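Under the UniProt record's numbering, the final residue of the sequence shown carries the number 1104; numbering is consecutive throughout. Yeah, the Cβ is synthetic: ideal placement off N, Cα and C, and Gly gets one too. Fair warning: this is a prediction, and the values are worked out from it, not measured in the lab.
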Amino acid sequence: MACALVLAILVSSVLHPLSLTTLADESDNNRDALLCLKSRLSITTWNTTSPDFCTWRGVSCTGKPQLPLVVALDMEAQGLTGEIPLCMSNLTSLVRIHLPNNQLSGHLPPEIGRLSGLRYLNLSSNALSGEIPESLSLCSSLDVLALSNNSVGGVIPPLLGTLHNLSSLDLSSNKLSGEIPPLLGSSPALESVSLANNFLEGEIPLFLANCSSLRYLSLQNNSLSGAIPAALFNSSTITEIHVSMNNLSGSIPPFTNFPSKLNYLDLTGNSLTGTVPPSVGNLTRLAGLLIAQNQLQGNIPDLSKLSGLQFLDLSYNNLSGIVPPSIYSLPLLSFLGLANNNLRGTLPSDMGNTLSNINSLIMSNNHFEGDIPASLANASSMEFLYLGNNLLSGVVPSFSSMTNLQVLMLYSNQLEAGDWTFFSSLANCTQLLKVNLGGNKLHGNLPPGSVATLPKSMVNLILRSNYISGTIPLEIGNLSKTSLLYLDNNIFTGPIPSILGQLSKLVVLSLSRNKFSGEIPPSIGNLNQLTELYLQENELIGSIPTSLAGCQKLVALNLSSNGLNGSINGRVFSKLNQLSWLLDLSHNQFTGSIPLEIGSLINLGSLNLSHNKLRGKIPSALGACIRLEALNLDRNLLEGSIPESLASLKGVKALDFSQNNLSGTIPEFLETFTSLQYLNMSFNNFEGPVPIGGAFANTSSVSVQGNALICSNVQVNDFPRCSTSASQRKRKFIVPLLAALLAVVALALILGLVFLVFHILRKKKRRRSSQSIDHTYGEFKRLTYNDVSKATNGFSPTNIVGSGQFGIVYKGQLDGKDSLVAVKVFKLNQYGALDSFIAECKALRNIRHRNLVSVITACSTYDLMGNEFKALVFEYMANGSLENRLHAKIQKNADLSLGTVICIAVDIASALEYLHNQCIPPVVHCDLKPSNILFDDEDTAYVCDFGLARLIHGYSSEAQSNSTSISGPRGTIGYIAPEYGMGSQISTEGDVYSYGIILLEMLTGKRPTDAFSDGLTLQKYVDASLSEIEHILHPSLMPKTGDQHTVTPKIEEYKPTTVMHICALQLLKLGLLCSVESPKDRPSMHEIYSEVMAVKEAFFSVNS
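Structure, rendered in structure tokens:
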């Protein structure tokens, strides 16, 4: 016994000091690890002078006070920056890590798997990148894993499904791709899964659908496909299912497990078919049922048992029949969306009383008829009322009790004004932003004072296409925030009030198709935010006011069908160089010549000067308007020949020179216009042979009658044969020529048959492409029109950050997101805009690169007037464009050092090398220019705007027979490869040319369109000065070096300034090589990228 006791004491005396020593070492290790975290993550709140690290903010410990161990880090929103260091894994006793809402970057280190006791990990809302480490699966005790709102990519590690204690998984709003791991959901403890807002594809795994403990599932905004597993809808535990904005197909499974705990079901924006299952009416706990934007048919089932339903959205389907009366009696319903279906019937007279909590009533684009119930005036919570494009009739009721109303959409019905009481009642709607009453049967004058009492908050007022008469009330000048004013297609009379010039926020002013008289008020020129002005079909007289030059943001101007006279003031149009959609001055009394300044409208798509009294010659300057798709000069007094410069209008689709005094021959270049669909040259004085190729081969598309001296070289029409002076010597070749002609005709017939088959197949392909375009949109995370409108403050002019031929770019903020976005809204009434949208979708669909602006989501829907609406949402680039860096007056180029230029050159080359060589098929940008190079917060360069991009199938540098061809130059003057101007096919060499021009522009500060002495081009200007580059480099790029010249130094003489000269010289030579005239002599982007990377390494090895 004594021996045993002694032995126990000895063992205790040995082991206890060892245990204390181990704990002491581990405690010291914890302190060292915390000091490492403080250093690496810039933690300023820890007082390291205190020996007790357990008292540091956010640190929790366990164990004895003398030997504490860190078990938790709680530091939410503490401004932490930097990458998560490896030393965090030395805190081996950690159970909880809670670091959301900081600025942590880099990847999650694999060593975190060493924290075997970790139960809670939350790093949401940081700037993490990289991939989720597989080693996380070693944290077998993990209960909560939250990495949402980062930039984590790659696939979801399959082994996460082996974490049997995992109850909550949130990986939403990242860049994850691939499929959802099949075993995810096998954890018996799993209650919440959120994988929304990623790039996931494949089907919803059955393990996840069958998870017996799952309560919350969020998979929206991905690219998931396949059918919805029936097990998911028959779970006894699930309360919320969010799978909207995917590509799910098939029918909605029936609900068979009752009572169900399901509280919220969102299936919006998929491709679901069939009917809304009647069993949904038994989900008595349901508060939200959202099944909009699918392909559902049939009737809406009875939902009378859903007494707690608050949100019901069945919009954008093919539902038909009468709305069940029970829906109008749901007491808690606040949102009812039935728009864009085939529903019919009348609106219940008491719906305003039974829907006492209604906030949004969205029922546009159906077949509802009868009166608008007067009881709606009792819906005092109403904010959004959409009843447009139905068959509603009767007098518009009063809205005086709807004090919270923000949007009123009653357009395209058969509504009447009565005594206009309803319009006066809008004065009580103090929050009102938008009113659209267009396309109704509103008669009479606007009541005196009614416009004056409209809320000052009004941004849109649309009364178009009614029967409103009288004059525009002068108090309309009170609507100081209005951006859209549509009063067209009414019976307004009198002069256009000058007070409209006070509406400084106006973006669109449409007064067309009325009976306005007098002159265009000069005050219109004060509207410097105006982009569209429509005054056509009135009784206006006088000349175009010179003040109109103040509307420098105009993209569309239509003054046609009035009595305007005098000469067309060229100075006005020299200032309106943003005109891109339309310039229509037709059907007036304008005299004089066509001003040369019209040629400065290089982005103009349609020019109509017909039905005037214009004289003189067609100016050659019109050839500079290379984006023209429609040119109408008919019914004037023009003379002379058609200028050869018009040969550059290779994308034109309609030309009308008829009924003038034009002479000369019909230009042969018209045969090369492959897009030409309509050509009218009739009733002029043209002479000589009529061309027979191109559009001339289709006699229904071309009209040349009324030209007495024209003839034909081939007997294929009614024109006389052109005379010849054939000699006997020539006659002996007639027989061989006829034989050759017969052979050509036979070949033409064969080719025609092949072309016909190809055309039919191509039409089918286009039809399939049109039908599947929504699938293309499905690759992105889609939004509704209201989402886009809200994000851009109702498309506020103050949010506009750019405007191009096919779209306007707004700065915005998506609902629930902190970061800004750029929203590109396409002008679908502009020729080529839809093609641009489709091209951009196809180009951006599968490309991901660090130097390409990423598309976040897409919107393909209809606006509030039923018009097609398309937009793309991109990352917002806060630091502007290269164009601004180079040429904005406020910049002075001070920050564009040689090192910056080199980095930009590398970024652009990297993006293009990826597009040309790593995308299958290769992508050609087609419109590379400084304004399409943007910068983020860290001054990284990004290539944007793929509206003209083309995919090249079967591409090779030696043979481009399968390349997409273009109809005329597409791009921007100065940056377009010269071969495109000759009708050549699109190729990667075109982008190389543009890259070379940009390189030279960055180094010299000169635009390619600048005027150089002796008629030099930018390339020749640079080439002439390569021996003394300090004379052409921008001053900010090269430091002053006395008499030092650029010589090739020995290795030991590599001083910074000398190396800078060498690097600049190399870039200049590369820019010249890229922009040579012959495409085959240009380097590939792979070679260019290697070259600029070598320059970068040489430069920064000395200047680091």
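CB of residue i within 8 Å of CB of residue j, strictly
| i | j | result |
| --- | --- | --- |
| L286 | N263 | yes |
| V1092 | A911 | no |
| F869 | K824 | no |
| S151 | L128 | yes |
| S360 | F384 | yes |
| P85 | R40 | yes |
| L530 | V507 | yes |
| F207 | S186 | yes |
| K441 | L408 | no |
| L614 | T591 | yes |
| G321 | N294 | no |
| G439 | Y411 | yes |
| L999 | C1074 | yes |
| L166 | A189 | yes |
With 16 other Cβ atoms within 10 Å as the buried cut-off, status of residue i
| i | result |
| --- | --- |
| N636 | buried |
| M877 | buried |
| R731 | A caution first: R731 carries a pLDDT of 40, below 50, which makes its placement in the model unreliable, though a value can still be read off. Exposed is the call here. |
| F258 | exposed |
| R119 | buried |
| R464 | buried |
| L886 | buried |
| S50 | exposed |
| N562 | buried |
| E1097 | exposed |
| K827 | buried |
| N413 | buried |
| E989 | buried |
| E644 | exposed |
| A33 | buried |
| N197 | buried |
Residue i versus residue j - alpha carbon distance
| i | j | result |
| --- | --- | --- |
| S703 | N538 | 31 Å |
| M75 | R31 | 17 Å |
| R96 | S271 | 42 Å |
| F422 | S400 | 8 Å |
| H242 | L219 | 6 Å |
| S1036 | P1083 | 29 Å |
| P205 | I228 | 10 Å |
| I808 | L872 | 11 Å |
| L484 | I476 | 13 Å |
| D939 | M1060 | 21 Å |
| L312 | S304 | 13 Å |
| C3 | S93 | With a pLDDT of 42 at C3, under the threshold of 50, the modelled position of this residue cannot be trusted, and the question is left open. |
| S543 | I468 | 27 Å |
| A231 | I238 | 11 Å |
| P797 | I568 | 29 Å |
| Q310 | L332 | 5 Å |
| L306 | E240 | 16 Å |
| P969 | Q705 | Low per-residue confidence applies at P969: pLDDT is 43, beneath 50, and the placement is therefore not dependable, though the value from the model is reported in the following sentence. One C-alpha to the other measures close to 31 Å. |
| M982 | Y678 | 22 Å |
| E913 | P1008 | 23 Å |
| L1072 | G974 | 14 Å |
| A1011 | Y1021 | 11 Å |
Cβ separation of residue i and residue j, assumed to be a contact under 8 Å, to the nearest whole Å
| i | j | result |
| --- | --- | --- |
| V992 | I1088 | 7 Å |
| L163 | S135 | Going by Cβ atoms, the distance from L163 to S135 rounds to 12 Å, so no, they are not a contact pair. |
| A379 | M363 | A379 to M363, Cβ: 13 Å. No contact. |
| S225 | E203 | 6 Å |
| A977 | I1029 | Rounded, the Cβ-Cβ distance is 25 Å, inconsistent with contact. |
| G153 | V459 | Not quite, the Cβ-Cβ distance comes to about 40 Å (not below 8 Å), so this is no contact. |
Assess, as a yes-or-no matter, whether the segment 787-805 is touched by the segment 512-527 under the definition of 3 or more beta carbon pairs within less than 8 Å. no
Measuring CB atoms only, is the segment 359-375 touching the segment 336-345, in the sense that at least three cross pairs come out at less than 8 Å? yes
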